[in-house]
Structure formats: structure tokens, C-alpha cells
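Quick notes on the structure that follows.
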Amino acid sequence: MVTAQAFPGALDRDGREALNAGVSDAFWLDAVKRLDWMTPPTQAGDWSFEKDDFHIRWFGEGVLNVSANCIDRHLTERGDQVAIVFEPDEPDDRFHKFTYREVHRAVCRFANVMKSQGVRKGDRVTIYMPMIPEAAFAMLACARIGAVHSVVFGGFSPEALAGRLEDCGSRIVITADEGRRGGKSVPLKANVDAACAIAEIDTVIVVQATGGEVTMQDGRDIWYHEAAETVSADCPPEPMNAEDPLFILYTSGSTGKPKGVMHTTGGYLFWAAYTHELCFAHQPGQLFWCTADVGWVTGHSYVVYGPLANGGATLMFEGVPNYPTPSRFWEVCDKHQVETIFTAPTALRALMREGDDFVTRTSRSSLKLLGTVGEPINPEAWRWYHDVVGEGRCPVIDTWWQTETGAALIAPSPAMPLKPGSATLPLPGVTPELVDADGQVLEGATSGNLCLTTSWPGMMRGVWGDADRFFQTYFTAYPGKYFTGDGARRDADGYWWITGRVDDVINVSGHRMGTAEVESALVLHADVAEAAVVGMPHDIKGQGIYAYVTLNADATPSDQLRRELVQWVRREIGPIASPDALQFAPGLPKTRSGKIMRRILRKIAEGEVSAAALGDTSTLADPAVVDDLVANRIGQ
Ligand code: WTA
């Protein structure tokens, strides 16, 4: 146990427990006064997780605008303070700082450009951008006019982008000529062009980021900088109901295509801001650096909405942790005097491997807090972060949450005692529960499946375009409860340890990937008859992707075909979905009713091939396939 440190303004364990014990409607209605409301809400939560009466609403009657909360209300007091610091991919390129007043002008112009292109309240706008300030401006501009943004990570392929465009019926894309990451260019506009050949798109707004060559199509594509010159720098914020949608964000589940997770205006913004302050003891004016891309929920909540709603300064970094050297993160901290860095265990593990010198040659004296998110942090990485990066003076804030939860749910406050690898205690209004496979509630120090028994303001409200899928996906495994898909352990001290997904979602470098998505991509290839994908342990990524592929009778396994299939998946989904291991399998282990026994495939991918580990294989239609799979396992 690492002992609590003095941290001004932060709750200790007793403080957190007292806060949690005092949650009530009155508590929420008071807490939500941190936002500026055009009409204050009169109700806190109004929800039921039961099938017959399923609904979730927060802050009824409330009217507000997210961009006014993130920008306008700060103008009087800190209009000239920095809101966004932009650090480009190349350390020697010019960095930029934007004051709240400058952000206000930029967002208003962006909003007016969108309006001039016919975007109206409720329309869906797709944002496919590099990590540049214009990505945040575009998100806030959507919020300003009541358009619903769908940010698609710039690493996704044209096919993946097109699928997301079509799913939410978005007819407009905001992109850049190119992105830059780790010294390489990402052809964003060219990808959008390819997506436009699949999905129906009326308008593409292109931000000039690198000046790289692009083709512009008359009548469809417009340069942002040209359009911005023709519009005013003032745009009144649209009054929005608390439950109006703010954004859609696609995320992977155990089955089917990625889901458009829908978040709303009041509850989401409140939760992003509230948790940002509670977990990071955030004070206005502090420089907060969340290293996530805005294409993920972490970037939404802790690059853009949380810090700006709290009047903080947020750092946007275009690059990657190890470019040009593995010192980059810590050099950026020194250069801009970052107070909190919030990153993923996978980045820490990759940097840790490079040796301590890359860290210790930097000062890091401005750092006060070290955050982590995205996957379970192994105690070794936790200790390295704490002892080497933070020199033992900075608490590690391990925040457990999901795209669906909006922002952090289980996480410490800086003055709480910490344990390496535990996300500690729930935040106020969050009621985790462990259940066994039959839904039996487990008490005391034990492990089980992690459910949440009550609603909190920041939770998702629906799956875009599929009213039933929200209830079906999250509330049917254990009726009356939200099932997270994660396993967890509660220790004797009441602390929570998340152990990872218990469903068919794999967490690759902190990015969620549905095994079904990779399988569907593989079977699109003419040579592939069938594919099954599972997670495998990976030193840096946490989990890697292990694919078993059965070829059509006329195709022959070869290293070349293996490489081709890996490339194929990259092209269909994006580089983050590249299989780390691909095994040709003449047959897959199936039950007599044809169901693939993934348990066996997981064990083989993990290298656990003893008869005891593989368990009972007698129910398989053809037990011999297991011998072949074991004999030809990759990585032995
Ligand atoms: C995992 C990212 C352990 C978990 C915010 C969850 C974590 C999934 C942690 C959601 C953590 C996230 N400790 N596991 N601190 N944070 N996870 O939707 O399995 O991209 O279900 O949201 O990441 O991933 P998502």
C-alpha cells in the first residue's frame, strides 16, 4: 500500500466514503450547479433498468449549451488565459497556445461555416481529424449549434469510416488534408475520398493542416480556411435540453458491427467535468495533459469537455510517445509545465522497456499527478510510473471506465491511499456489484462479473439507430443491472481491481476491438472460409489479436498469404486491428451443434495446451482438430 500524500483540496478515503454516502437527488441538483444552465433542472435522475419500464433521464427540465459551458462562461474571468496548448508532432515545429477568447472566436467561426453548409440542430456531423486544435474546435462548434458529432479515429480505414457515416446518416465530414504521427503522414483527405465512394456524402470540410497535396471535388469539398473568411466570429449558442444528444461514438462490442454509443448534453458534460475535478483535484488554470486521441472517449472527456468545462488548460499532442525519442512525453511536460499527465498502461510499458535514462534526463518537476486509463495497469508499470516518472511524489490516478460510462466510475482522489493495480473506490453515485455467472450477488472479498446497479448522470442513453440494442446488450445478462463486460475483484479493504473483459471484446493497447469485427473482415477475403479471433497476452499491448483462419479448399496456406491477410484486415478496419498472430487451421473446434468453442482457442493462443488447461474436448464434433491447432500454434 502506498501511503496517502498531502494534496490540497483532494478527498482522503474517509472524505470519499462520506461523499458517496451522501448521494441523493438534492446532492445531484446541487452538484450540477457547477454548470451554467439557461434553465436549471428540477429533477435529478429518473430511470429504471427494468425491461417493462426501461428509461434513463437526468436533469429533467434543464436547458444548457455545452460549448457555452466550455468557453463563453469563462470569458469574463479568464478570457485571456490559455485554454488549449497545441504541441505538434515535430518537437521543433511551432507550438500554439489558444486563450479562451481565441477558442471562442475559432469555435464560433467553425459553427458558422457548418451553418452556411446547411448543418442544423440534430444533424450528425462526422469528424475525422488529426490531433490538432481544429478537431476540438469542430466538436465544440457542433455542440454550439446542436449538431451531434461522431468523431472517428484518424487511424480507421475508409471502409470503417464509411460504415460509421452510413450508420448515423451523417452527410458531412470534417477532415484535414493530412495528419502527422511519429514523422509519418496519414492521408486523411484521401481516405475520406475513398469513403465517399461507399457512403453518400454531401459536404467535406477540409482543414489545411500540413499543406500536403489533396484532390478537391467541386461542389462537395470546401477548404475550411476559405469558408471561415466569409463568416462572422460570433454565433449564439443553441439552447439544448439536458437529454438532447451531444455525440455518438462508435465502439466495439462482443457481437456485430461497432455500436454508436449516444451521450447526452447535460448528464455527460456534468460527469466529465465533475470527475475531472474529483479525480485530478483540478483547479482552473492548471495545465492538464490527457494523451488520448479525440477519436476515443478518453479524448472526448479529458482532452476536450472535462478540462474546458472546468476552466482548465488542456494540452493537445499530435504525436506519439516515442517520437523522436522515448523522452518525448517527459520533454513535453517540461516544455509546457504540465501538472497532470493522463495516459495508458500500454504507453507506459513501451516506454519502461526503453530504460529509465529517457525519463531521468528530463526534469518533470511541474508534474503533480499521474493518471492512467484504458486497461488494467500491471503493478510493475504502476510502480515505474510512480517511482521513476513521478519520483514517488505524484499519486497515480487509475481510472476505470468505458465509452458507455461517459467518464470515470472507479478511481481514486489524490489523497486516498493507493494500491498498485487497483482503481480503488467508486465515485459518488456509482454502485458496483459482483455477480457470478448465474447472477448471484457475491459479497465480501471475492472476484466476479462487474455490474452497476444504479444509474449515474454520464451513462450512455442509447445505441444510435437501434432502440433495443442498448437494453439487449447491457441489461439482459443480469436483469435490472448494467453489465460492464468486465471482471473484477473486491479486496478485503473494499478496493476494486479490474481484471479485464470477460466477453468477446479484446483490449489491444487500450483500444477496444470486437473479435467479431476482425472475423468479418477476414472472411471477406476470397481465400478465407472461416475465421475465429481471440485475445492473447502481449507484453506491450496488454492483449494482442490471435486469428485462426480456415482457407477455402482451393487456397494454399503460405507466409505470403498470411501477410496478405494481415494487410487485408489493416485495410478493412485499420492498423489497430492487425492480427499479431495468424494461424491457418484446417478446422476449428466446434460443438456438434456447430458452435465454435472459443474457450479452447483462447487457451491455445495463451500457450496453455495441456489437457488440463484445454479441459473437456469430448463434446467437440471432431476432437482431432485440437491436436492440429496445438501442433501448429504460433509463437511456440
Ligand atoms: C478497460 C476507455 C482496467 C475495461 C475509457 C473497459 C480498464 C474497457 C481501465 C473500456 C482501468 C478501461 N483498469 N481496465 N483503469 N480503463 N479499462 O470503451 O476492460 O475504450 O471495459 O473506454 O477498457 O474501453 P473504452
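Take 347 as the starting number for the sequence shown in the numbering used here and just add one per residue. Glycine residues also receive a C-beta, built at the ideal position from the N, C-alpha and C atoms.
Use the C-beta contact count for residue i: other C-beta atoms within 10 angstroms, 16 or more gives buried, fewer gives exposed.
| i | result |
| --- | --- |
| residue 384 | exposed |
| residue 489 | buried |
| residue 515 | exposed |
| residue 472 | buried |
| residue 898 | exposed |
| residue 623 | buried |
| residue 356 | buried |
| residue 349 | Only weak support is given to the placement of residue 349: the predicted model assigns it a pLDDT of 46, under 50, and the question is left unresolved by the model. |
| residue 929 | buried |
| residue 970 | exposed |
| residue 548 | exposed |
| residue 563 | exposed |
| residue 765 | buried |
| residue 647 | buried |
| residue 753 | buried |
| residue 466 | exposed |
| residue 364 | exposed |
| residue 761 | buried |
| residue 699 | exposed |
| residue 836 | buried |
| residue 480 | buried |
| residue 399 | exposed |
| residue 572 | exposed |
| residue 977 | exposed |
| residue 658 | buried |
| residue 870 | exposed |
Would you say residue i and residue j are within 7 Å of each other, going by their C-beta atoms?
| i | j | result |
| --- | --- | --- |
| residue 381 | residue 626 | no |
| residue 664 | residue 475 | no |
| residue 748 | residue 685 | no |
| residue 522 | residue 534 | yes |
| residue 650 | residue 482 | yes |
| residue 715 | residue 743 | yes |
| residue 951 | residue 859 | no |
| residue 405 | residue 387 | yes |
| residue 967 | residue 938 | yes |
| residue 605 | residue 599 | yes |
| residue 641 | residue 618 | no |
| residue 990 | residue 551 | Nothing can be reported for residue 990: it is not among the residues displayed for the chain, which extend from 347 to 982. |
| residue 811 | residue 506 | no |
| residue 818 | residue 853 | no |
| residue 927 | residue 915 | no |
| residue 745 | residue 805 | no |
| residue 425 | residue 447 | yes |
| residue 409 | residue 585 | yes |
| residue 815 | residue 832 | no |
| residue 402 | residue 801 | yes |
| residue 729 | residue 886 | no |
| residue 614 | residue 510 | no |
| residue 390 | residue 371 | yes |
| residue 756 | residue 842 | yes |
| residue 661 | residue 431 | yes |
What does DSSP give as the partner residues of residue i in its beta bridges?
| i | result |
| --- | --- |
| residue 411 | Residue 411 pairs with nothing; no bridge assigned. |
| residue 526 | 531 |
| residue 829 | 797 |
| residue 787 | 781 |
| residue 717 | 688 and 743 |
| residue 985 | Nothing about residue 985 can be reported from this structure: the residues present for the chain run from 347 to 982 only. |
| residue 433 | 663 |
| residue 444 | 430 |
| residue 496 | 472 and 594 |
| residue 897 | 874 |
Measuring only from the beta carbon, is residue i closer than 6 Å to any heavy atom that is part of the ligand HEM?
| i | result |
| --- | --- |
| residue 497 | By its list of ligands, the structure shown excludes the ligand HEM, since it contains just the ligand WTA. |
Should residue i be flagged as near chain B, meaning a C-beta pair shorter than 7 Å?
| i | result |
| --- | --- |
| residue 816 | In the structure shown, chain B does not exist; there is a single protein chain. |
>> Is it the case that the segment 722 to 730 contacts the segment 670 to 678, given that we only count it when at least three CB pairs across the two stretches are under 8 Å?
In response: no
>> With three or more beta-carbon pairs closer than 8 Å as the criterion, would you say the segment 812 to 831 touches the segment 530 to 542?
In response: no
>> So, does the segment 479 to 493 touch the segment 441 to 461, judging by three or more C-beta pairs under 8 Å?
In response: yes
> Which residue spans inside the segment 611 to 641 form an unbroken alpha helix (DSSP H) run of at least 4?
Replying inline: 611 to 626
>> Between the segment 885 to 896 and the segment 863 to 875, can you find at least three pairs of beta-carbon atoms closer than 8 Å?
In response: yes
> Taking the runs of the beta strand (DSSP E) that are 3 residues or longer, which of them lie wholly in the segment 914 to 966?
Replying inline: 927 to 930
>> Taking contact to mean 3 or more Cβ pairs, one atom from each stretch, closer than 8 Å, check whether the segment 781 to 800 and the segment 581 to 593 are in contact.
In response: no
>> Just to confirm the assignment: which complete beta strand (DSSP E) runs, minimum length 3, are found wholly within the segment 723 to 786?
In response: 742 to 745 and 778 to 781
> In chain order, which continuous runs of the beta strand (DSSP E) of length 3 or greater are located wholly inside the segment 836 to 872?
Replying inline: 842 to 847, 851 to 854 and 857 to 860
> Of all the alpha helix (DSSP H) runs that stay within the bounds of the segment 349 to 374, which reach a length of 4 or more residues?
Replying inline: 359 to 367
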